[in-house]
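FYI, full-length UniProt numbering numbers position 509 of the sequence shown as 509, with every residue one higher than the one before it.
Single-structure report; data block below.
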Amino acid sequence: MSSQAEHEYLCFVTWNTNGIKGKKTSNSSAKISKLLNILSKLQADIVFMQETHVGPKCYQIFEKVEKENWHVFFTVYSPKSKGVAILIKKGVPFEYICHDEDCSGGYIVLFCYLYGELYTLVNVYNHKEDRIVLGRLKEYLIETAEGVLVVGGDFNTVLDPSFDRKPSTSRHSPFRAILEDFAVSLNLKDTWSYKSPTEKGFTRRQNKSFSRLDMFFMPEDKIKRVYNIITRKQDISDHYPLILKLTVHKKTEKQIPNVAKWLEEDKLNSDVTAGKISGAEILSVIKSLTNSEEHRLDELEVYSYKRFQCSLTEILKIHFNIMLTNKCLYTSFDESYCSGDRRIFNVDYLIFTQILAKRLDAFITPSFKGKIEKNLHTMFSVTFEAGEQEIKWSFLLDTLNNLKQIPSTPSPDFDILDCILPSVQSSRELRRLRVGCPLTNTIFNLALKHLEDKIFYFKYKCEEVRHLSGKRHKRNCKEIMSMATVCYQRRVLLIHTKLKEHELNGFKDQVKNSGLKYRLKQNTTF
1 MSSQAEHEYL CFVTWNTNGI KGKKTSNSSA KISKLLNILS KLQADIVFMQ ETHVGPKCYQ
61 IFEKVEKENW HVFFTVYSPK SKGVAILIKK GVPFEYICHD EDCSGGYIVL FCYLYGELYT
121 LVNVYNHKED RIVLGRLKEY LIETAEGVLV VGGDFNTVLD PSFDRKPSTS RHSPFRAILE
181 DFAVSLNLKD TWSYKSPTEK GFTRRQNKSF SRLDMFFMPE DKIKRVYNII TRKQDISDHY
241 PLILKLTVHK KTEKQIPNVA KWLEEDKLNS DVTAGKISGA EILSVIKSLT NSEEHRLDEL
301 EVYSYKRFQC SLTEILKIHF NIMLTNKCLY TSFDESYCSG DRRIFNVDYL IFTQILAKRL
361 DAFITPSFKG KIEKNLHTMF SVTFEAGEQE IKWSFLLDTL NNLKQIPSTP SPDFDILDCI
421 LPSVQSSREL RRLRVGCPLT NTIFNLALKH LEDKIFYFKY KCEEVRHLSG KRHKRNCKEI
481 MSMATVCYQR RVLLIHTKLK EHELNGFKDQ VKNSGLKYRL KQNTTF
């Protein structure tokens with residue numbers, strides 16, 4: 001609590017610490033000790049940390065923080081990148097309600113009481129290669145944010161290049177439009193611009209360049225609570241801490257947020273695994289579902305989920321993450337019945353599998369960083385037969401293991417699929433892909449992408465004479481050229497190169513090894 005007047009101000013600090021662990025394994029807690037010492041000198045009550053770099057095997061470092069008299073809420077993502085945490089000083093009148101973590105470590109949203117007043121605290125790290133995190137967060141906050149909304153963090157862009165960069169520039173980052181849309185949609189105002197409209201307030205240094213990437217935002221009707229906002233230079237990170245002081249309004253009657261109305265108790269979930277399903281993911285899927293007159297076996301219909309979507313997110317999140325952690329479905333969770341050529345599942349099952357399908361869909365991107373040859377003739381086309389299919393578990397595992405981590409998604413750990421995809425009675429190796437399950441189409445597309453990756457050649461893009469022998473090429477001389485393309489909407493793989501007989505037979509063997517029924521058609525019209 002600020003020492004100027006007891007119970008009068010709350011001191012918020014947002015700080016990209018560029019990791020909280022020391023570089024030497026023998027003294028990994030040295031840096032966090034220094035950080036906590038600095039925060040103590042700043043008289044911080046509430047801290048938003050970005051780039052904590054906390055992975056599944058090193059989250060125990062926050063135990064030291066808790067022993068140093070802090071409440072801690074954090075994401076688990078990677079020991080090398082991203083990660084955020086909210087620290088609240090013990091002694092501040094604080095009551096936990098619930099919180100939501102971004103599935104890819106980009107933000108954390110904490111619903112709580114401070115001095116009896118409802119707050120929605122949001123800590124954001126807008127990774128430079130993740131252009132969807134703010135959109136995902138925006139849609140969630142529009143539905144759930146209540147009370148005093150405080151959004152802080154490292155947004156990796158500036159609001160005004162002429163003010164917020166040194167040397168100044170007129171060039172705008174593509175992130176700027178995304179940040180502006182985020183702020184406008186939630187009616188948020190930049191607290192620094194409000195309090196110090198003519199001052200620079202740089203928060204990051206890089207060599208001789210300075211920028212204001214770290215900010216606090218508040219709604220227009222609450223921004224008058226800003227008492228002061230300043231920066232403090234520190235050498236422990238390339239970012240400076242940004243300090244915001246807000247006036248306190250004490251409350252005796254507590255407002256329960258809609259997101260927590262169906263929670264039985266305000267007990268903190270101790271699950272610290274990476275890749276947990278977030279409330280934002282659940283809310284997004286519920287909003288995308290269409291009302292249907294189809295009967296569900298559990299008697300629950302889509303319109304009921306849409307009506308109570310905000311309150312349902314926390315309840316469903318608990319159940320979904322228990323299944324993810326235990327790698328086991330609840331009894332009767334996947335029950336369904338056949339209607340025509342497809343199966344009708346309960347809404348809980350549709351939401352859960354749609355979230356997993358959306359995570360997998362994020363990996364269906366162009367297969368190579370290299371180029372795709374243009375104006376190519378189609379020599380062969382590959383399509384899968386319609387209707388219910390079977391896929392080999394070994395082929396699917398191989399496909400999943402080849403997925404590469406991307407910043408906007410959680411780690412590609414999909415062990416839960418072993419429980420979701422039912423085994424064919426005659427063989428545990430074969431798994432049934434049921435029409436009506438959101439995962440089915442995504443798995444077909446992953447299979448096509450996996451096969452597409454097998455059809456390529458190398459091209460040397462350099463023109464230097466000394467490379468012509470082929471013995472002195474550097475790594476970046478070689479360029480991968482894809483000779484196949486996939487149309488995911490049509491579910492078709494097009495092959496743009498003539499295959500010799502042994503190559504064609506080898507490709508057929510790969511498709512056969514998938515267990516999927518397919519059609520290979522040769523184009524004879526070119």
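No residue lacks a Cβ here, since even glycine has one placed at the ideal position from N, Cα and C.
Values in this document were obtained by computation on a predicted structure and should not be read as measured data.
Residue i to residue j, Cα distance in whole Å?
i	j	result
P438	F182	29 Å
G55	I420	27 Å
L10	M218	14 Å
S193	D154	16 Å
I495	M483	6 Å
F363	L356	12 Å
S29	Q43	21 Å
N346	S288	16 Å
C98	V13	21 Å
residue 529	L316	There is simply no residue 529 to check, as the chain begins at 1 and stops at 526 in what is shown.
Y113	V151	16 Å
residue 527	I351	Outside the modelled stretch of the chain, which goes from 1 to 526, sits residue 527, for which no answer is possible.
K31	M49	13 Å
L137	A280	7 Å
F368	V148	In this prediction, F368 scores a pLDDT of 44, lower than 50, which makes its location untrustworthy; the coordinate-derived value is nonetheless stated afterwards. C-alpha separation (whole angstroms): 46 Å.
V511	T383	11 Å
D235	Q206	12 Å
T273	C58	11 Å
T169	P161	5 Å
V124	Y337	43 Å
R296	V486	35 Å
N401	R131	25 Å
G83	G275	12 Å
Using C-beta distances below 6 Å, list every residue in its chain close to residue i, excluding the 5 sequence neighbours before and after it, in chain order.
i	result
V226	T191, K195
T157	S173, F175, R176, L179
H249	E117
I229	T191, W192, K195, L244
E301	none
E129	P407
Residue i lies in the alpha helix (DSSP H); which residues open and close that run?
i	result
residue 585	It is not possible to answer for residue 585, since the shown part of the chain is limited to 1 through 526.
S185	174-185
G506	501-512
M218	No alpha helix (DSSP H) contains M218, which is instead part of the beta strand (DSSP E) from 214-219.
F395	393-401
I286	279-288
K64	61-67
With distances taken from CA atoms, which of the options is nearest residue i?
i	options	result
D398	A447, E199, P422, E294	A447
S81	L39, V122, H127	H127
K34	G22, C310, K358, D45	G22
M379	L316, S278, L87, L493	L493
S40	R136, N69, Y330, E129	N69
E253	R136, C58, E117, E143	E117
I142	S284, L451, V13	S284
F522	V511, H502, D509, K498	Looking at the sequence provided, one finds Gln at residue 522 rather than Phe. Residue K498 is the option with its Cα nearest to Q522.
I38	E51, R136, T17, T52	T17
E314	E129, Y140, R491	Y140
R432	E452, L396, D413	L396
Excluding the 5 residues flanking residue i on each side, which residues of the same chain have their C-beta closer than 8 Å to its C-beta?
i	result
K166	K200, F202, S209, F210, S211
R232	L42, Y240, P241, I243
Kindly indicate the opening and closing residues of the beta strand (DSSP E) around residue i.
i	result
E101	94-101
H239	Segment: none, H239 is in no beta strand (DSSP E) and carries neither H nor E.
I38	From DSSP, I38 is part of no beta strand (DSSP E) but of the alpha helix (DSSP H) over 30-41.
K358	Run containing K358: none in the beta strand (DSSP E); it sits in the alpha helix (DSSP H), 347-361.
F384	380-384
M49	46-50
Tell me which same chain residues have a C-beta within less than 7 Å of the C-beta of residue i, skipping the five on either side of it?
i	result
S394	E429
T442	A357, L360, D361
N187	P219, E220
Y488	I364, N445
A5	Residue confidence is low: A5 scores 42 on pLDDT, short of 50, so the model does not pin down where it sits. No coordinate-derived value is stated.
Pairing CB atoms from the stretch 509-516 with CB atoms from the stretch 387-400, are three or more of them under 8 Å?
-> yes
When the Cβ atoms of the stretch 237-247 are set against those of the stretch 316-328, are three or more pairs found closer than 8 Å?
-> no
Inter-stretch contact (C-beta, 8 Å, three-pair minimum) for the stretch 59-75 and the stretch 95-105 | yes
Hey, is the stretch 248-267 in contact with the stretch 55-66, meaning 3+ C-beta pairs nearer than 8 Å?
-> no
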